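Note sheet for the following structure.
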Amino acid sequence: MATSNREIPKKALRSTRLFDIYKRTAFVGEYAWWRVRGKPRPKVPHLVKQRTLTEFAQNYKLEVLVETGTNLGHMIGVQKDRFREIYSIELDEWLAARAVRKFADRPHIHLFQGDSGTVLPKIVPMLKERCLFWLDAHWGDESAPIKQELECIYRHPIRDHVLLIDDARWFDGRGDYLSIEELRQHAAREYPGSVLEVKDDIIRIYNPASRR
Ligand SMILES: C[S@@+](CC[C@H](N)C(=O)[O-])C[C@H]1O[C@@H](n2cnc3c(N)ncnc32)[C@H](O)[C@@H]1O
Numbered sequence: 007m008a009t010s011n012r013e014i015p016k017k018a019l020r021s022t023r024l025f026d027i028y029k030r031t032a033f034v035g036e037y038a039w040w041r042v043r044g045k046p047r048p049k050v051p052h053l054v055k056q057r058t059l060t061e062f063a064q065n066y067k068l069e070v071l072v073e074t075g076t077n078l079g080h081m082i083g084v085q086k087d088r089f090r091e092i093y094s095i096e097l098d099e100w101l102a103a104r105a106v107r108k109f110a111d112r113p114h115i116h117l118f119q120g121d122s123g124t125v126l127p128k129i130v131p132m133l134k135e136r137c138l139f140w141l142d143a144h145w146g147d148e149s150a151p152i153k154q155e156l157e158c159i160y161r162h163p164i165r166d167h168v169l170l171i172d173d174a175r176w177f178d179g180r181g182d183y184l185s186i187e188e189l190r191q192h193a194a195r196e197y198p199g200s201v202l203e204v205k206d207d208i209i210r211i212y213n214p215a216s217r218r
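Count the sequence shown with the numbering used here and you get residues 7 to 218, in order.
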């Protein structure tokens, strides 16, 4: 994809370590401002999402995180010391290369460039234990490989992975998106005993009986 003149300084800025430090502080500010405004919905701050992943990882003793949609690597940055292994897939070449540079000193972080609809089915068969999936590879109505992602996860022999799907507000059955009701039916069929909840704009599919 061609890079416009305006994007070059933006990308240069986003490549710096200072930008990551700024974002870590900005997440807290964004969260505080959101609370001051009375927690407006449906969009929630990234800090709420970070805390949701941490809560499920702790409650379900999950040591492997699989993320689709690396973006600037903010979720990996926050979670990197919590998980034994992290897998993340990013479609955009520049973002994927940036993440490779950013986490070069972390051999437990495995980064892939490509469409998660085709890359995830290659990663999932390698997984040997219950994992936390953070399915976040979508941009409005432009791209949503959620059907392919779920298909390969549900085909895996481990039947109680924890699935967190971001941006619940887009899941209305239009375009590439399944509706919440379709997701509920799939989960009930594929993961018997699981529940599907929607909270803080995150769809959560998990089996309460697997909590440790
Ligand atoms: C909302 S951002 C992800 C944010 C990140 N997960 C976090 O929590 O910090 C969505 C990312 O998904 C990527 N993306 C969109 N479609 C994709 C696809 N089909 N495969 C992989 N990545 C995709 C976009 O380029 C974008 O970087």
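Just so you know, even glycine gets a beta-carbon here, dropped at the ideal spot from N, CA and C.
Quick caveat, the model's predicted, so the values are computed rather than measured.
C-beta contact flag for residue i and residue j at 8 Å
i              : j             : result
aspartate 182  : alanine 150   : yes
isoleucine 211 : serine 200    : yes
tyrosine 152   : alanine 174   : Rather than tyrosine, the amino acid found at residue 152 in this sequence is isoleucine. The answer is no: Cβ separation not under 8 Å.
alanine 110    : glutamate 96  : no
methionine 81  : glutamate 73  : yes
glutamate 36   : proline 15    : no
arginine 88    : histidine 114 : no
arginine 165   : asparagine 65 : no
glycine 83     : aspartate 26  : yes
Beta carbon proximity, residue i to chain B, threshold 8 Å
i             : result
aspartate 178 : Protein chains in the displayed structure number just one, and chain B is not present.
Residue i Cβ short of 7 Å to ligand 1 heavy atom set
i              : result
serine 122     : yes
glycine 181    : no
leucine 138    : no
proline 151    : yes
threonine 4    : The displayed coordinates of the chain run from 7 to 218. Any statement about residue 4 would go beyond what the structure contains.
alanine 63     : no
asparagine 213 : no
isoleucine 95  : yes
leucine 101    : yes
tryptophan 176 : no
methionine 81  : yes
Chain-order list of residues whose beta-carbon lies under 6 Å from that of residue i (same chain, five-residue window excluded)
i             : result
glycine 75    : Asp142, Ala143
glutamate 196 : Tyr160
methionine 7  : At methionine 7 the pLDDT is 49, less than 50, meaning the model places this residue with poor confidence; the figure from the coordinates comes in the next sentence. Nothing listed; no residue qualifies.
leucine 24    : none
glutamate 171 : Residue 171 is actually isoleucine in this sequence, not glutamate. Correct list, in chain order: Leu141, Ile209.
valine 54     : Asp206
Close Cβ partners of residue i (< 8 Å) along its chain, the five nearest in sequence each way excluded
i             : result
lysine 49     : Arg175, Asp207
alanine 103   : Gln119
glycine 146   : Trp176
glutamine 85  : Gln56, Leu59, Thr60, Ala63, Leu71, Ile92
lysine 67     : Arg218
histidine 192 : Leu156, Tyr160, Leu184
Cβ neighbours of residue i in the same chain (closer than 7 Å, five flanking residues each side left out)
i              : result
leucine 184    : Ile152, Lys153, Phe177
glycine 123    : Pro151, Gln154, Glu155
tryptophan 100 : Lys17
proline 214    : Val201
Expected contact under 8 Å - CB spacing of residue i and residue j to nearest Å
i             : j            : result
valine 168    : leucine 126  : About 16 Å; that fails the 8 Å criterion.
lysine 108    : glycine 79   : 5 Å
valine 204    : cysteine 158 : That belief does not hold up - the Cβ atoms of valine 204 and cysteine 158 are roughly 23 Å apart, past 8 Å.
histidine 162 : leucine 189  : Not confirmed; about 17 Å, so no contact.
task: Would you mind listing the beta strand (DSSP E) stretches within the segment 145 to 176 that are 3+ residues and don't spill past its ends, in chain order?
output: Listed in chain order, they are 168 to 172.
task: Would you list, in sequence order, the uninterrupted alpha helix (DSSP H) runs of no fewer than 4 residues that lie entirely inside the segment 29 to 69?
output: Fully enclosed alpha helix (DSSP H) runs of 4 or longer: 52 to 65.
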